[in-house]
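Novice: Okay, handing you the structure first.
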């Protein structure tokens, strides 16, 4: 963005005192407003929980957090969380494999692209609850449902990104490699793979955000263990505390994974492209 | 762009195929019957129906297409499924759409206002941005459960869930749209002293509208999702309630019919209302990344400018 100008000792020296003071003040105002925002969020929660709705309908924030702590400490916690995470990863890895193949097909063949586009479009336009209940019909209460639905909703995002990555490989690089007599294998490994891997990863990041929500939802409908099942059964017991506590735990974990782990991998994989913003264009 | 595929010395390698396939998509002409897009679309539908029938043969819980159509006809004509179990069609759909419309009518403007605020003012951004992201991160099922607990089996629950799910989607994409407006255009407006009203109308609204509409489309999907979930767990009318009832009766043909119905309803809405609007809004701009536009050059659209221009002309 344009407000992130490069700071060198010279440019700092050129700034007047007033400008520096103004920018410091602006930063503090931003920080205070972020703090105020969180304060307002917590405050509204307490107003809702203590005045409007009362405990069974919306418990106070600290009660939810305490409950979350107690849930984490119980011995069953690991197995529930492990179940959910395993299904999520299983579906996600299946999706990665399948979408890499589909992405290749789409990038190299018009016929496959036209055929698959219809399917991908269909997959995206079905609301997630449709998958959850279809899994309930097809597989009943079983772990297959969550795995397959997670896989299905991730496929379009990864596939499209892989196809884009392969089709968008800088063709000048390929022509150059051929001109310098590189073999097909070398070109595939050193030119095609790195650039398509990058778009595979960014597709994976997009897909993950959809995938974990899908996994949770299908567990809510068609599972007898896992985080989703716990949320559902606490809802049916009117145990709002436990419901919110499980939600907070799972959502926090997923967001951490999405924003810290996946983004780091993304950054690590794209380190070689450094400062060439649109090499594929 | 140079036509690399026409260079004679290149071997017919994997990479050459890549170059040519990209080349080809820019000037794609429909070949024989088997490569026409409409044929392939029909083929896709046929494959889905055939797979469905095969699954129906092996799995007793899955009804075949004939059973679903028979059930649907009885539902639409409000006849009897046998005994006193009567068909219902328009009243669940009407109820659901009523709640959906009210929820979206409240949620989208709220999201739009929030988005403009977050996008234009740093204070509002600090105040509201994190909260919006938290609300967006919560899966819609949590909203569904909470609003059921708060309002019981009334219509307010579903409406609230739709509002709470839809608003953050719109807010986030609108604020991103505002921030993506070309800064030099804003500066130009300032130096030419363009009046505030005109600036808002042509620069802010014009610049954010496309991303606002994409966000609204996402919000329509998510809102429908949480509406069905609330109705499934806590309502006495509506599409979700009907599907739930039939599921409890172990009436699998009926249940499947309603699942297909609520998928079809949102798809019809998306195709005939939202997508045309979105395409209109994107006329002057880059198409969004994941719309899956059904024109044939989707995978190249954002990497290839000449392909995009070509499609514009075809439109």
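Chains as they are written, first to last, in my numbering: chain A, 2 to 282; chain R, 2 to 316. All C-beta atoms in this analysis are idealised placements derived from N, C-alpha and C, irrespective of residue type, glycine included. Treat the numbers as computed from the prediction; the structure is a model and nothing was measured.
Given a threshold of 16 other Cβ atoms within 10 Å of its Cβ, counted over all protein chains shown, does residue 75(R) qualify as buried or as exposed?
Specialist: Start at 1 with the first residue of the second chain, and residue 75(R) comes out as number 74. Buried, because 16 or more other Cβ atoms sit within 10 Å of the Cβ of residue 75(R).
Novice: Please compile the residues from chain A whose C-beta is within a distance smaller than 7 Å of the C-beta of residue 252(R).
Specialist: To locate residue 252(R), count along the second chain from 1; it is residue 251. Neighbours of residue 252(R) on chain A: none; closest Cβ ~11 Å, over 7 Å.
Novice: So, using beta-carbon positions, are residue 34(A) and residue 124(R) closer together than 7 Å?
Specialist: In the first chain, counting from the first residue as 1, residue 34(A) sits at position 33. In the second chain, counting from the first residue as 1, residue 124(R) sits at position 123. Against a cut-off of 7 Å, the Cβ pair of residue 124(R) and residue 34(A) comes out as a contact.
Novice: Could you check whether the Cβ of residue 62(R) sits closer than 7 Å to any Cβ belonging to chain A?
Specialist: Here residue 62(R) corresponds to residue number 61 of the second chain, with the count starting at 1. Residue 62(R) belongs to the set of residues whose beta carbon lies under 7 Å from a beta carbon in chain A.
Novice: What's the C-alpha gap between residue 393(R) and residue 180(R)?
Specialist: A question about residue 393(R) goes unanswered here, because the residues of chain R that appear run from 2 up to 316.
Novice: Going by beta carbon distance, what residues of the same chain come within less than 8 Å of residue 153(R), once the five residues before and after it are set aside?
Specialist: Taking the first residue of the second chain as position 1, residue 153(R) is located at position 152. So the list reads 235, once near-sequence residues are dropped.
Novice: Using only CA atoms, which one of 279(R), 258(R) and 275(R) lies nearest to residue 68(R)?
Specialist: Numbered from its first residue, the second chain carries residue 68(R) at position 67. Of the listed residues, the one whose Cα sits closest to residue 68(R) is 258(R).
Novice: Restricting to Cα atoms, I'd like to know which of 86(A), 113(A), 178(A) and 199(A) is closest to residue 251(A).
Specialist: Sequence index remark: in the first chain, residue 251(A) carries index 250 (1-based). Here the closest residue by C-alpha is 86(A).
Novice: With contact counted as at least three CB pairs below 8 Å, one residue from each stretch, are the stretch 38-54 of chain R and the stretch 117-127 of chain A in contact?
Specialist: Flag = yes, the stretch 38-54 of chain R and the stretch 117-127 of chain A touch.
Novice: Run the CB neighbour count on residue 19(A), radius 10 Å, all protein chains shown included, and call it buried at 16 or more, exposed below.
Specialist: Residue mapping note: residue 19(A) aligns to position 18 of the first chain, counting from 1. Classification for residue 19(A): exposed.
Novice: Mind reading off the beta-carbon distance from residue 165(R) to residue 206(R)? Whole number of angstroms is fine, and I expect it under 8 Å.
Specialist: Translated into positions along the second chain, residue 165(R) becomes position 164. Translated into positions along the second chain, residue 206(R) becomes position 205. No, residue 165(R) and residue 206(R) are not in contact; Cβ-Cβ is about 25 Å, not under 8 Å.
Novice: Give the residues from the stretch 39-54 of chain A that approach chain R closer than 8 Å (Cβ to any Cβ), ordered along the chain.
Specialist: With the criterion set as a beta carbon lying under 8 Å from some beta carbon of chain R, the members of the stretch 39-54 of chain A are 39, 41, 42 and 54, in sequence order.
Novice: Show which residues of chain A have a CB atom less than 7 Å away from the CB atom of residue 240(R).
Specialist: The residue given as residue 240(R) occupies position 239 in the second chain. Near residue 240(R) there are no residues of chain A at all, since even the closest Cβ is about 11 Å away, more than 7 Å.
Novice: Apply the 10 Å Cβ neighbour rule to residue 75(A) and answer buried if 16 or more other Cβ atoms are within range, or exposed otherwise.
Specialist: Reading the first chain from its first residue, position 74 is the one you call residue 75(A). Using a 10 angstroms sphere on the CB of residue 75(A), the tally of other CB atoms stays under 16, which defines it as exposed.
Novice: In whole angstroms, what separates the C-alpha of residue 195(A) from that of residue 215(A)?
Specialist: As a working note, residue 195(A) is residue 194 in the first chain. As a working note, residue 215(A) is residue 214 in the first chain. Those two C-alpha atoms are separated by around 30 Å.
Novice: May I ask which residues mark the beginning and end of the alpha helix (DSSP H) holding residue 226(A)?
Specialist: Taking the first chain and counting its residues from 1, the one referred to as residue 226(A) is at position 225. Counting along the chain, residue 226(A) falls outside any alpha helix (DSSP H), and DSSP gives it neither H nor E.
Novice: Along chain A, in chain order, which residues have C-beta atoms closer than 8 Å to that of residue 226(R)?
Specialist: Position 225 of the second chain holds residue 226(R). Those within 8 Å of residue 226(R) in chain A are 128, 129 and 130.
Novice: Mind listing the chain A neighbours of residue 42(R)? Cutoff is C-beta to C-beta under 7 Å, in chain order.
Specialist: Taking the second chain and counting its residues from 1, one reaches residue 42(R) at position 41. Per Cβ cutoff of 7 Å: 119.
Novice: Quick one: is residue 88(A) near chain R, going by C-beta distance under 7 Å?
Specialist: The residue you call residue 88(A) lines up with position 87 of the first chain. Using beta-carbon distances, residue 88(A) does not count as an interface residue toward chain R, since no partner is under 7 Å.
Novice: State the Cα-Cα distance for the pair residue 106(A) and residue 113(A), rounded to the nearest angstrom.
Specialist: Translated into positions along the first chain, residue 106(A) becomes position 105. Translated into positions along the first chain, residue 113(A) becomes position 112. For residue 106(A) and residue 113(A), the distance between alpha carbons rounds to 6 Å.
Novice: Is there at least one Cβ from chain R nearer than 7 Å to residue 248(A)'s Cβ?
Specialist: By 1-based counting over the first chain, the position of residue 248(A) is 247. Taking Cβ atoms only, chain R reaches closer than 7 Å to residue 248(A), which makes this a yes.
Novice: Have a look at residue 150(R) and residue 198(A) and give me their C-alpha separation to the nearest angstrom.
Specialist: For the purposes of this step, residue 150(R) is identified with residue 149 of the second chain, where counting begins at 1. For the purposes of this step, residue 198(A) is identified with residue 197 of the first chain, where counting begins at 1. Going from the Cα of residue 150(R) to the Cα of residue 198(A) covers about 45 Å.
Novice: Whose C-beta lies closer than 6 Å to the C-beta of residue 4(R) among residues of the same chain, with five residues either side of it excluded?
Specialist: By 1-based counting over the second chain, the position of residue 4(R) is 3. For residue 4(R), the predicted structure reports a pLDDT of 39, less than 50, and the residue's modelled location is therefore unreliable. A value from the coordinates is still provided. Answer for residue 4(R): no residue qualifies.
Novice: For residue 31(A), which residues does DSSP report across the bridge?
Specialist: Numbered from 1 along the first chain, position 30 holds the residue referred to as residue 31(A). According to DSSP, which records beta bridges pairwise, residue 31(A) is partnered with nothing at all.
Novice: Quick one: using the 10 Å Cβ neighbour count with 16 as the cut-off for buried, is residue 200(A) buried or exposed?
Specialist: Against the first chain, residue 200(A) aligns to sequence position 199. Result: buried.
Novice: Within 10 Å of its beta-carbon, does residue 23(R) have 16 or more other beta-carbons around it, so buried, or fewer, so exposed?
Specialist: On the second chain, residue 23(R) is found 22 positions in, with the first residue counted as 1. Low confidence applies here, because residue 23(R) scores a pLDDT of 49, under 50, leaving its location unreliable and the question unanswered by this model.
Novice: Going along chain R in order, which residues have a C-beta closer than 7 Å to the C-beta of residue 35(A)?
Specialist: In the first chain, the residue the question calls residue 35(A) occupies position 34. Simply 127 and 131.
Novice: Can you grab the Cα-Cα spacing for the pair residue 194(R) / residue 188(R), in whole Å?
Specialist: Position 193 of the second chain holds residue 194(R). Position 187 of the second chain holds residue 188(R). Looking at the two C-alpha atoms, the distance is approximately 10 Å.
Novice: Express the C-alpha separation of residue 266(A) and residue 272(A) in angstroms, rounding to a whole number.
Specialist: Here residue 272(A) refers to the residue found at position 271 of the first chain. Here residue 266(A) refers to the residue found at position 265 of the first chain. Whole-angstrom Cα-Cα distance: 10 Å.
Novice: For residue 190(A), is the classification buried or exposed, using 16 other Cβ atoms within 10 angstroms of its Cβ as the cut-off for buried?
Specialist: Walking along the first chain from the start, residue 190(A) turns up at place 189. Exposed: under 16 other Cβ atoms inside 10 Å.
Novice: Beta carbon of residue 72(R), beta carbon of residue 255(R): below 7 Å?
Specialist: Here residue 72(R) corresponds to residue number 71 of the second chain, with the count starting at 1. Here residue 255(R) corresponds to residue number 254 of the second chain, with the count starting at 1. It is a contact, given that the beta carbons lie within the stated cut-off.
Novice: Apart from the five residues just before and just after residue 247(R), which ones in its own chain have a Cβ nearer than 7 Å to its Cβ?
Specialist: Counting from one through the second chain, the residue named residue 247(R) turns up at place 246. Cβ neighbours of residue 247(R) beyond the five flanking positions: 255, 256 and 259.
Novice: Which runs of the alpha helix (DSSP H) fall wholly inside the stretch 57-121 of chain R and span at least 4 residues, in chain order?
Specialist: Within the stretch 57-121 of chain R, the alpha helix (DSSP H) runs of at least 4 residues that lie entirely inside it are, in chain order, 66-78 and 91-121.
Novice: Quick one: residues in its chain with C-beta nearer than 6 Å to the C-beta of residue 146(A), no 5 flanking neighbours on either side, listed in chain order?
Specialist: Start at 1 with the first residue of the first chain, and residue 146(A) comes out as number 145. 136, 140, 219 and 223, listed in sequence order.
Novice: Assuming residue 172(R) contacts residue 224(R) under a Cβ cut-off of 8 Å, what Cβ separation, rounded to an integer in Å, is found between them?
Specialist: What you label residue 172(R) is simply residue 171 of the second chain in a count that begins at 1. What you label residue 224(R) is simply residue 223 of the second chain in a count that begins at 1. A Cβ-Cβ separation of about 14 Å leaves residue 172(R) out of contact with residue 224(R) under the 8 Å criterion.
Novice: Using a threshold of 7 Å, state whether the C-beta atoms of residue 138(A) and residue 62(R) are closer than that.
Specialist: Here residue 138(A) corresponds to residue number 137 of the first chain, with the count starting at 1. Here residue 62(R) corresponds to residue number 61 of the second chain, with the count starting at 1. Here residue 138(A) is near residue 62(R), since their CB atoms are less than 7 Å apart.
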